[in-house]
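Worksheet: the structure to be examined is printed underneath.
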Amino acid sequence: MTNINLSFAALTAEDKSVTIGSQPSLVSALTGVQSTLSKKILITDDALFMRVILRNFLVSNGYEIVAEASNGREAVEKYASCKPDLVFMDITMPEMDGIAATRAIKQHDPAANVIMCTAMGQKNMVMEAIQAGAKDFIVKPFNQDRVLESIQKVIG
Ligand SMILES: [Mg+2]
0 MTNINLSFAA LTAEDKSVTI GSQPSLVSAL TGVQSTLSKK ILITDDALFM
50 RVILRNFLVS NGYEIVAEAS NGREAVEKYA SCKPDLVFMD ITMPEMDGIA
100 ATRAIKQHDP AANVIMCTAM GQKNMVMEAI QAGAKDFIVK PFNQDRVLES
150 IQKVIG
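Numbering (numbering that gives the first Met the number 0) for the sequence shown: 0 to 155.
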């Protein structure tokens with residue numbers, strides 16, 4: 000028993016999250032709290048209605064919205080304070096755009112999971128977003144299946 004505890008303690012935080020992620024039934028048996036498994040998401044968009052649409056959709060699919068940001072600077076600050084599992088990042092925003100914010104977040108946390116939200120006709124921004132560290136991108140207006148598929152792909 001002691002050996003098992005020691006070997007688990009020797010894992011890094013990242014190893015633990017991988018173990019936890021692949022064995023949800025074991026974790027809920029250990030903690031008895033299913034809600035600790037819900038993924039925390041930060042939504043970033045300067046358009047309130049886009050944040051509302053995304054929030055309602057994600058919450059109805061069991062995700063927890065830990066924060067919302069209306070520009071890139073706010074997203075960087077809220078990422079640092081909330082430590083979300085995933086960020087939805089709009090590209091075009093005042094003060095700091097989504098590309099610059101993604102770069103800043105990845106500098107702070109290279110493991111950060113960012114999905115870029117692009118508008119139609121912003122395809123040229125996609126390569127820049129990927130280079131900045133975004134792991135996937137979705138096109139507005141959102142297709143619900145595509146949003147869920149992207150989340151699975153990035154933090155599934
Ligand atoms: Mg925008």
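The C-beta atom is built at its ideal place from N, Cα and C for all residues, glycine as well.
query: Whole-angstrom Cβ separation of V86 and I98, contact assumed at under 8 Å?
result: That belief does not hold up - the Cβ atoms of V86 and I98 are roughly 13 Å apart, past 8 Å.
query: Helix, strand or coil for E148 per DSSP?
result: Of the three classes helix, strand and coil, the one that applies to E148 here is helix, per DSSP.
- prompt: Does at least one heavy atom of ligand 1 sit under 7 Å from the Cβ of A46?
  reply: Flag set: Cβ of A46 near ligand 1.
task: Tell me whether the beta-carbon of D84 lies closer than 8 Å to the beta-carbon of I40.
output: Cβ atoms of D84 and I40: closer than 8 Å.
message: Can you look up E73 in the DSSP assignment and give me helix, strand or coil?
response: DSSP places E73 in helix when its eight states are reduced to three.
field: Integer-rounded CB distance, given that V75 should sit under 8 Å from A46
entry: Contact between A46 and V75 does not hold, since the beta-carbon distance rounds to 19 Å and is not under 8 Å.
query: Nearest CA to the CA of D156: which residue from A131, I137, Q106 and G71?
result: Outside the modelled stretch of the chain, which goes from 0 to 155, sits residue 156, for which no answer is possible.
message: Taking only three categories from DSSP, how would you classify T101?
response: In this structure, T101 counts as helix in the three-state DSSP scheme.
query: Can the beta-carbon of T117 be found closer than 8 Å to that of I150?
result: No; because the gap between Cβ atoms is not below 8 Å, this pair is not in contact.
task: Tell me whether the beta-carbon of K152 lies closer than 8 Å to the beta-carbon of D135.
output: Contact: yes.
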